[in-house]
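Under my numbering, the residue at position 11 of the sequence shown is numbered 12, and the numbers go up by one with no gaps. Heads up, the beta-carbon is just placed ideally off N, CA and C, and yes, glycines get one too. The structure appears below as structure tokens.
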Amino acid sequence: MSKTAKGRATRQAFQDAARRVFERDGYLNARLSDIAEEAGKSMASFYNYFDSKEALLTDLATDFDTELQAKVAEPFERGLAPHDALPEAIRAFYRHYRTRLPDVVGIVQASMVDPKFAADWREIRTNGVRTISIGIRRAQRDGWAPGLDPMLAASALSSMLEHFCWVWLAQGGDAIDVELEEDHAVDTLWKLWSHAIYWTEAE
2 MSKTAKGRAT RQAFQDAARR VFERDGYLNA RLSDIAEEAG KSMASFYNYF DSKEALLTDL
62 ATDFDTELQA KVAEPFERGL APHDALPEAI RAFYRHYRTR LPDVVGIVQA SMVDPKFAAD
122 WREIRTNGVR TISIGIRRAQ RDGWAPGLDP MLAASALSSM LEHFCWVWLA QGGDAIDVEL
182 EEDHAVDTLW KLWSHAIYWT EAE
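Following this line, the structure appears as structure tokens:
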């Protein structure tokens, strides 16, 4: 794999081309020849960087998660309190999901037909679940959410966030009378999230 600036640019060209083809044709219908043509590169050049369409998607999925983790961590790294950082983190997730929707479409479609990719994506996705569980444990040390299983709760919250974004950003939303804007989405998700964690048992 080339490590030169030209090599990195070529690799990026294939990644960007794949996103455009996935968005246009879907992952399952996308052909390597279409991706190479979209990138303005040869098939021989493609195989210098990726062994297959599946390998390219795995690369995109890994990048998707790495960038996502950095974006949602940023409000916390600035030292904001959880009640201030969490809405910003949710907004960062929502925007990243919207911006990288072709990656998500590829991930979802591949997960339905490729057991190995589905297993690999579960491992990647677990990074986010673990991160959420750390926040839940921190809240529990402060007296919130007594007795809640941090990992299972983190899985539930992650699933809520992911599926909400999939339904509203990838599928056009549920058939309800709502014109969804970003602020409305983030506020709704934050209120649900905060009430799931920041509670105590009634005395």
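Beta-carbon proximity list for residue i, same chain, < 7 Å, skipping 5 on both sides
{"i": "S156", "result": "V130"}
{"i": "D52", "result": "none"}
{"i": "M44", "result": "L33, S34, A37"}
{"i": "G174", "result": "V168, L181"}
{"i": "D188", "result": "none"}
Distance, residue j Cα to residue i Cα
{"i": "K7", "j": "F47", "result": "14 Å"}
{"i": "R1", "j": "D150", "result": "The structure shown does not extend to residue 1, since the chain is modelled only from 2 to 204, so the question has no answer here."}
{"i": "V105", "j": "Y98", "result": "7 Å"}
{"i": "L29", "j": "V109", "result": "10 Å"}
{"i": "A90", "j": "R142", "result": "21 Å"}
{"i": "M2", "j": "T11", "result": "With a pLDDT of only 45 at M2, under the threshold of 50, the placement of this residue in the model should not be trusted; the figure read from the coordinates follows. Whole-angstrom Cα-Cα distance: 11 Å."}
{"i": "L58", "j": "M152", "result": "27 Å"}
{"i": "M161", "j": "E202", "result": "23 Å"}
{"i": "E75", "j": "L69", "result": "10 Å"}
{"i": "S112", "j": "F15", "result": "21 Å"}
{"i": "A119", "j": "Q13", "result": "24 Å"}
{"i": "I198", "j": "A31", "result": "42 Å"}
{"i": "A19", "j": "E183", "result": "27 Å"}
Best match in the options for proximity to residue i [C-alpha to C-alpha]
{"i": "L87", "options": "T67, G136, A10", "result": "G136"}
{"i": "R21", "options": "D66, A90, T100", "result": "T100"}
{"i": "W194", "options": "T63, G174, P83", "result": "P83"}
{"i": "G107", "options": "G27, Y199, F15", "result": "G27"}
{"i": "F1", "options": "R96, S134, R139, D121", "result": "Lying outside 2 to 204, the shown extent of the chain, residue 1 is not represented and no answer is given."}
{"i": "F77", "options": "R123, T59, I133, R126", "result": "I133"}
{"i": "A71", "options": "N128, E163, R139, D184", "result": "N128"}
{"i": "L158", "options": "H196, E124, D184, V179", "result": "H196"}
{"i": "W200", "options": "G148, L190, D184, L69", "result": "G148"}
{"i": "W191", "options": "R9, R92, A119, G144", "result": "R92"}
{"i": "I125", "options": "A176, T67, I198, A40", "result": "T67"}
{"i": "A40", "options": "D17, Y50, A146", "result": "D17"}
Three-state secondary structure assigned by DSSP to residue i
{"i": "T5", "result": "coil"}
{"i": "T201", "result": "coil"}
{"i": "I137", "result": "helix"}
{"i": "V179", "result": "coil"}
{"i": "F15", "result": "helix"}
{"i": "W122", "result": "helix"}
{"i": "N128", "result": "helix"}
{"i": "R101", "result": "coil"}
{"i": "L193", "result": "helix"}
{"i": "A82", "result": "coil"}
{"i": "Q172", "result": "coil"}
Neighbourhood of residue i by C-beta distance below 8 Å, restricted to the same chain and skipping five residues each side
{"i": "L102", "result": "E24, L170, A171"}
{"i": "A186", "result": "Y95, F165, W169"}
{"i": "D121", "result": "T59, A62"}
{"i": "D115", "result": "E55"}
{"i": "D85", "result": "P76"}
{"i": "G144", "result": "T201"}
Residues near residue i in its chain [Cβ-Cβ closer than 6 Å; skip 5 each side]
{"i": "A154", "result": "I137"}
{"i": "F65", "result": "R101, D104"}
Closer than 8 Å: residue i CB and nearest the ligand GTP heavy atom
{"i": "G107", "result": "As presented, the structure is devoid of all ligands, the ligand GTP included, so that no description of it is given."}
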